[in-house]
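Reading through the structure tokens given below for one structure.
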Amino acid sequence: MPSDTTNQTPYYVTTPIYYVNDRPHIGHCYTTLIADVAARAQRLVGRDVFFLTGTDEHAEKVSKTAAENAKTPYEWATINAERFRDAFRFMNFSNDDFVRTTEDRHKDKASAYIEQLLDQGDIELGDYEGWYDPSQEEYLTEIVAKENDYKSPVTGKPLEKRVEQNYFFRLDKYQDWLEQQITSGEISVLPEARKNEVLGRLKQGLMKVPVSRRIKEGDADWGIRMPGDDAHRIYVWIEALCNYLTIVDTDERKKYWDGEVVHLMAKDIIWFHAIIWPAMLHALGKEPPRTVYAHAYWIAEGTKMSKSLGNFIEIDLLRAYAEKYSLDAVRWFLTTQGPLGANDADFAHSRFIEVYNADLANSVGNSMSRVGNMVHKYYNGIIPGTCNGEFGFPNGSSLQTALKALENAGKAVDDPTRTFRFAEFTSNATDNALRALETVDLESMLDSGRSIVRHVDEFISYCAPFTLAKQLDALDDGDHALTSILYSCAEALRIASLLLSPAMPEKMAELWRNWSCSHLADPNNANSGFVAPLAELARWGGEYSIKKGQQIAKGDALFMRADASEPAPEPAPEPERIG
RNA sequence: GGCCCCGUAGCUCAGCGGUUAGAGCGCGCGACUCAUAAUCGUUUGGUCCCCGGUUCGAAUCCGGGCGGGGCUACCA
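The opening position of the first sequence corresponds to residue 2 in the working numbering, with each subsequent residue numbered one higher.
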């Protein structure tokens with residue numbers, strides 16, 4: 002998509018709603034972070050964005066742990082939902098809403114959807130027969146049961162064959178439709194590896210899926226009752242999926258479901274999102290999601306995270322990293338080094354430092370710092386003039402003058418015939434970023450921003466404005482040349498900063514304050530929204546460009562270089578918490 | 001058991017039939033000094049997991065193997 006047009010389709014991005022009994026860890030933060038970066042990027046583009054996350058609260062175990070902690074299920078869920086809210090606030094996520102499945106706005110609509118499916122015959126009563134593991138209180142599939150010799154994989158006790166009456170969703174009716182939708186890409190299942198997995202499994206055939214649970218003696222009143230049958234409640238998973246629709250199923254928000262719907266999640270729950278949910282939507286007469294994107298997992302210092310090892314990277318460790326290296330650095334590391342593809346990614350301290358120094362301190366931060374410093378040093382921080390960003394062409398002389406200065410100083414000039422076109426370069430980078438964004442390729446989107454930074458660094462080394470600055474009196478055109486060079490560096494970095502801002506909103510807002518750039522509705526609030534779409538903000542020499550006379554303050558280093566020999570941050574000792 | 005993915009430079013990965021296989025990072029060297037001992041240039045570095053096959057030609061397609069990982073529907 003060329004940068005001079007703005008996609009007007011509303012953009013709706015979701016994360017799974019998180020199981021309230023979990024403690025917020027890197028996995029929850031990562032999925033929500035990529036949703037946040039995508040949402041911020043789309044808002045920057047100028048689209049109408051709705052970004053939803055929240056908590057899934059009607060699980061049976063929630064009422065159990067609540068009882069163990071002498072709380073009602075709702076009180077317990079509230080305490081834990083707050084932990085997610087805290088974690089997400091800390092991560093500076095820009096979600097437009099936070100759904101709790103215990104809210105009426107969700108329950109009422111979810112219940113209505115199920116009722117509709119019942120009325121239509123898409124949900125019907127039937128018998129569920131399976132191998133029950135009494136010790137774990139769960140059913141195992143025939144295959145799993147057989148593999149374990151019909152014994153509990155956990156306790157080794159014999160499994161029981163049980164029959165239970167349940168309501169079933171006729172998923173089997175939608176096999177052909179699903180296959181067509183996914184194969185054709187109408188529902189885009191990403192990454193490709195996951196799409197193959199889903200299609201492969203689809204070929205094995207679909208069964209009816211149980212969508213209710215019989216309410217047992219002594220059960221807490223928790224969850225949503227099956228419409229028309231108080232003996233059952235809606236199975237949490239089925240009810241939970243409905244959140245994506247319930248929360249935007251209002252007059253004001255329905256435009257988001259009619260727009261581009263993108264569901265993000267980790268790979269373990271792709272089946273629910275790529276198969277069961279689209280089939281339910283189709284049965285309800287709603288459009289399926291446009292994109293179902295399942296990322297892989299984080300591992301910790303080369304080791305898989307597990308409950309038994311207790312090595313989850315929890316929010317407190319991320320807080321410790323943010324404390325030391327800044328939150329935006331953490332966001333950058335997670336976004337660019339994360340498991341967005343099919344392979345798992347490693348959260349390793351040495352890697353964090355490497356990436357922090359290479360990408361942020363030495364590249365983005367340093368480049369902005371050196372340019373700011375030169376404007377400060379040579380022009381008292383006031384941009385003396387503008388430039389079209391073209392160097393080395395016949396009608397210009399700035400680069401030639403700069404090279405002359407190098408020659409006068411007895412310095413080597415590598416290739417005197419080089420040319421630079423910053424307007425074109427930054428516009429291409431912007432287009433590349435937009436193209437990457439369409440497939441949620443955030444790493445490559447952000448790299449487009451960084452490519453501008455690299456280009457600026459290369460340009461500075463090539464034309465050496467600092468050498469030129471020492472000969473302003475000796476060269477006729479010296480001042481004009483220096484002005485052109487510094488302006489172009491600053492303007493290019495300004496455009497780079499826009500492309501980097503979805504991952505690092507606070508740091509880029511800081512740069513804009515230092516450089517007096519008015520991109521934000523409120524310069525002091527990085528979350529206040531952009532004053533224009535990217536196509537206008539990023540136009541070289543356009544309305545929002547750096548102007549003659551604009552103040553460029555040196556400011557503090559955005560990312561101070563990290564010392565690799567220092568020990569890795571550790572989570573602060575945790576204050577007493579329930580759970 | 002079934003199905004799927006991955007295995008390419010020290011690390012992370014791109015390339016998926018066609019000139020001497022690439023990028024970023026790291027390492028070494030040179031240059032530079034505006035900048036956060038940053039930057040720029042450049043070198044080094046690879047039986048493209050193994051064995052067979054198809055082809056004028058394979059990292060790329062096919063078959064088989066080895067190694068790593070995933071999914072297999074009621075924990076969420």
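Cβ atoms here follow ideal geometry from the backbone N, Cα and C, with glycine treated the same way.
Cβ contact check for the region 500-514 and the region 449-456: 3 or more pairs under 8 Å: yes
V199, enclosing alpha helix (DSSP H) - first and last residue: 193-204
Sequence-distant residues of its chain with Cβ nearer than 7 Å to V632 (five each side left out): The question about residue 632 has no answer here: the residues shown for the chain are numbered 2 through 580.
P395, buried or exposed, once every other Cβ within 10 Å from all chains shown has been counted against 16: Taking every protein chain shown into account, the CB of P395 has fewer than 16 other CB atoms within 10 angstroms, so this residue is exposed.
Coil, strand or helix - D250 by DSSP: coil
Alpha-carbon to alpha-carbon, P228 and E126: The question names Glu, but residue 126 is Leu in the sequence shown. C-alpha separation (whole angstroms): 12 Å.
Neighbour-count burial assignment, D5, 16 or more Cβ in a 10 Å radius: Here D5 scores only 48 on pLDDT, less than 50, and its place in the model should not be relied on; the value that follows carries that caveat. By the neighbour-count rule (16 or more Cβ atoms within 10 Å), D5 is not buried but exposed.
C-beta contact flag for P524 and R514 at 7 Å: yes
Contacts around D458, its chain only, beta-carbon distance under 6 Å, and the 5 residues preceding and following it disregarded: S368
Opposing strand residues paired with P466 [DSSP bridges]: DSSP output for P466 lists no bridge partner at all.
S136 versus T56: straight-line alpha-carbon distance, rounded: 27 Å
Rounded straight-line distance, which links the Cα of A321 to that of Y357: 15 Å
Nearest-angstrom Cβ-Cβ length linking P17 and I270, presumed shorter than 8 Å: Yes, P17 and I270 are in contact; Cβ-Cβ is about 6 Å, under 8 Å.
The alpha helix (DSSP H) enclosing Q121, as first and last residue numbers: 105-121
Reduced DSSP category for Q552 - H, G, I as helix; E, B as strand; rest coil: strand
Beta-carbon proximity list for R291, same chain, < 6 Å, skipping 5 on both sides: Contacts found: E261, V262.
Neighbourhood of L473 by C-beta, 6 Å cutoff - its chain only, sequence neighbours within 5 removed: G479, D480
Cutoff 7 Å; reference V190; Cβ partners in own chain excluding five residues on either side: I183, K196, V199, A275, V293
When I80, F531, N312, D329 are compared against P572, the one with the closest alpha-carbon: N312
Exposed unless 16 or more other CB atoms sit within 10 angstroms - verdict on G224: buried
Coarse secondary structure for L476, derived from DSSP in three states: coil
Helix, strand or coil at P524 [DSSP, three-state]: coil
Cα-Cα separation, D360 to Y140: 49 Å
CB-CB length for N167 against S213, believed under 8 Å: 5 Å
Proximal residues to T1 (C-beta, below 7 Å), its chain only, five neighbours per side dropped: Limits of the chain in this structure are 2 at one end and 580 at the other, which puts residue 1 out of reach.
Nonlocal neighbours in the same chain, by C-beta distance under 6 Å from E180, ignoring five residues either side: L203
Run of the beta strand (DSSP E) containing S95, from where it starts to where it stops: S95 -> no beta strand (DSSP E), and no H or E assigned at all.
Buried versus exposed call for R90 [16 or more other C-beta atoms within 10 Å across all chains shown]: R90 is exposed by the Cβ-count criterion.
Cα-Cα separation, D448 to L435: 12 Å
Residues of its chain near D345, where Cβ-Cβ distance is below 6 Å and the 5 sequence neighbours each way are ignored: A297, Y298, I300
C-alpha distance - A410 paired with Y463, whole-angstrom precision: Straight-line spacing of the CA atoms in A410 and Y463 works out to 14 Å.
CB of A221 within 7 Å of CB of S364, strictly: no
As assigned by DSSP and simplified to three states, the class of G186: Taken through DSSP and simplified to helix, strand or coil, G186 comes out as coil.
Same chain only: Cβ atoms within 7 Å of P3, ignoring 5 sequence neighbours per side: Here the model assigns P3 a pLDDT of 45, short of 50, so the residue's position is not dependable and the matter cannot be decided.
Whole beta strand (DSSP E) elements within the region 270-342, 3-residue minimum: Within the region 270-342, the complete beta strand (DSSP E) runs of at least 3 residues are 292-296, 299-301.
Among T32, G47, V249, the one whose alpha carbon lies nearest that of K110: V249
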